[in-house]
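Chains D and S, in that order, are what the protein sequence lines are.
What the first sequence shows, in full-length UniProt numbering, is residues 1 to 284, in sequence order.
What the second sequence shows, in full-length UniProt numbering, is residues 1 to 185, in sequence order.
Glycine is no exception: its CB is placed at the ideal position from the N, C-alpha and C atoms.
One structure is given here, and the rest of the page talks about it.
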Amino acid sequence: MAIVEHLASLLRKPIETSDEAGERSVSTQKTGDESGNTVIVAPPEFRFMYPEFLPDPAPETRNRLREKLERMDMLQRRSVIEIPEFYTGSIMAVTVADANSPNKFARFVGICIQRGGSGLRAWFILRNVVDKQGVEILYEMYCPLIQKIEVLRLERRLDESLLYLRDALPEYSTFPLNMEQERRLNNSVVPINPIKVKLRPRPWLERWERQNLQGVEDLNLPQRFYDKAEKVAKPWEKYDLMLHYRKTIPAEEQEKIFAEVHSQLQQQELKRKLRRRRGFDNEQ
Amino acid sequence: MNQADLSKLVSALRIAVKPKPRLLSCPEGPAGRLKKLRATVTALVKYERIELNYPRADEAQGYAERLISDAIRNGDCHKHTMEMADYWLNEKQLVHKLFKVLVPRYQNYNSSFTRLVLGPKTYPGYYAGTAILELKGNPFPALQPENHNYHYWLHNVLLEEAKKEFRSAREERNAGTTESVTTES
């Protein structure tokens, strides 16, 4: 019974881990609510930077307590290892502990073609072409085997999912395995790469003409493909307000979730920056 | 395990949203479903109180709430909101009514904007019956009597005390009879 009461009390309290004790965050956004108390509000870009903190919208599997515990565990993991901000289209390198490899570590470089999952099961897929063989690896972001995640080039593409790279010419998915981290020119804005990828001739893995892809060059298919795509299309889904509602988390809940976690995340960011600067100064 | 869609920010609805939508069978299929609901939402915004069958009323309530909450959150200069209002309201004067009458009316509401009341149903039958869907704050007389807090009314207080007295007297009587039973054995 004591355990149940303790878990229930967690639902009422904001999240606090041991490293926050005694420290207050520096640049929290504070707005006043009606009673005049300051209310901590996370900046609006947080939902794009940390989408895995938002739960799966399907109501059948929602459990507020489990989500809260997961967020606590996610912050704990993030305090141990740096999980940088990345988007679909960023080029990343992941080092995983591997008992069977000679160095005990396995490093893979690739472009992030898709990311999904929520909570501790958040994942992303990296794609690269190694020795003319396309290779894709799905990494779970919070897996304890992961030693290091580096973002070599931080950018976005015109689409949220780059699965069409599987049917594209291999040069669009090839990245050198010894690629170095590129320095960002502008730290505040993530650049969008407007590249239009050329696909190989058919057959393809999916009917790309039926998906509204922005990052692909003109497919040059016979007209019957486009006619069939029109016949099969569901143009009313664009206006289906309840469909959109069921697929997303309402703004008030998003704000609540990010208000819980963002002070922790900001503190972790600050600590990492200080460590980096100290490391740079020591080198000098 | 899907990630939440981040492209749109939606306000939380203050009605119970069922996990799966109703299909609302019609000859045109899924396209026809939204067409039917469009007619319902237009009629709701136009007449502010409509009587219809329960399943369609329940679906339309969700869409009406979404439309009004989007209009309140984004205002009429937001392109996406205006597109939705243009699609969902078949009469264009109702778009003006939405932004100029309904949005100020519901600006500071903490509750839902619509009310769904069960209507008459012809027995016997396993179907849901009719329902009345109305916008709150409409000029018509209320459908249901107001909920007065009747717990502290004098006659109810006296009745509660009388009930307690009766129960305690009965327990004493039962305790008396069981004691007499034990003493006999």
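Tell me whether residue i sits in a helix, a strand or coil according to DSSP, three-state version.
i	result
S:V117	strand
D:L213	coil
D:L177	coil
D:K234	coil
D:M92	strand
S:G176	helix
D:E147	Residue identity check: residue 147 of chain D is Gln in the sequence provided, not Glu. Strand.
S:V103	helix
S:F140	coil
D:R229	A quick correction: the sequence has Ala, not Arg, at residue 229 of chain D. It is helical.
S:N156	helix
D:V190	coil
D:S27	In this predicted model, D:S27 has a pLDDT of only 38, less than 50, meaning its place in the structure is not dependable enough to derive any value.
By how many angstroms is the C-alpha of residue j removed from the C-alpha of residue i?
i	j	result
S:E59	S:P120	19 Å
S:E165	S:P104	53 Å
S:N156	S:R167	17 Å
S:K163	S:H148	22 Å
S:S112	S:A16	10 Å
S:L34	S:P55	14 Å
D:E182	D:R153	6 Å
D:H6	D:N63	16 Å
D:L205	S:A4	26 Å
D:W236	D:L219	25 Å
S:Q107	D:R278	51 Å
S:L37	S:Y127	20 Å
S:R73	S:F140	27 Å
D:E255	D:P203	45 Å
S:L143	S:I132	9 Å
S:L89	D:D167	42 Å
For residue i and residue j, which I take to be in contact (beta-carbon distance under 8 Å), what is that distance rounded to the nearest angstrom?
i	j	result
S:L52	S:T40	7 Å
D:I111	D:G89	7 Å
D:E52	D:G119	7 Å
D:P222	S:V10	In fact, because the Cβ distance is near 40 Å, the residues do not count as touching under 8 Å.
D:V109	D:I146	Between D:I146 and D:V109 the Cβ distance is about 14 Å, and since that is not below 8 Å, they are no contact.
D:Q214	D:L158	4 Å
D:V216	D:Y164	6 Å
Would residue i be called buried (16 or more neighbouring beta carbons within 10 Å of its own) or exposed?
i	result
S:T122	exposed
D:Y245	buried
S:A64	buried
D:P55	buried
S:Y150	exposed
D:L65	exposed
D:Y50	buried
D:I125	buried
When every heavy atom of the ligand GTP is checked, does at least one fall within less than 7 Å of the C-beta of residue i?
i	result
D:L241	In the structure shown, the ligand GTP is absent, as is every other ligand, since no ligand is present at all.
Worksheet item: Can you list, in chain order, the residues of the region 20-32 of chain S whose Cβ is nearer than 9 Å to any Cβ on chain B?
Response: Absent from the structure is chain B; the protein chains it does hold are D and S.
Fill in: Contained alpha helix (DSSP H) runs [length at least 4] in the region 39-89 of chain D, N- to C-terminal order
The qualifying runs are 46-49 and 64-80.
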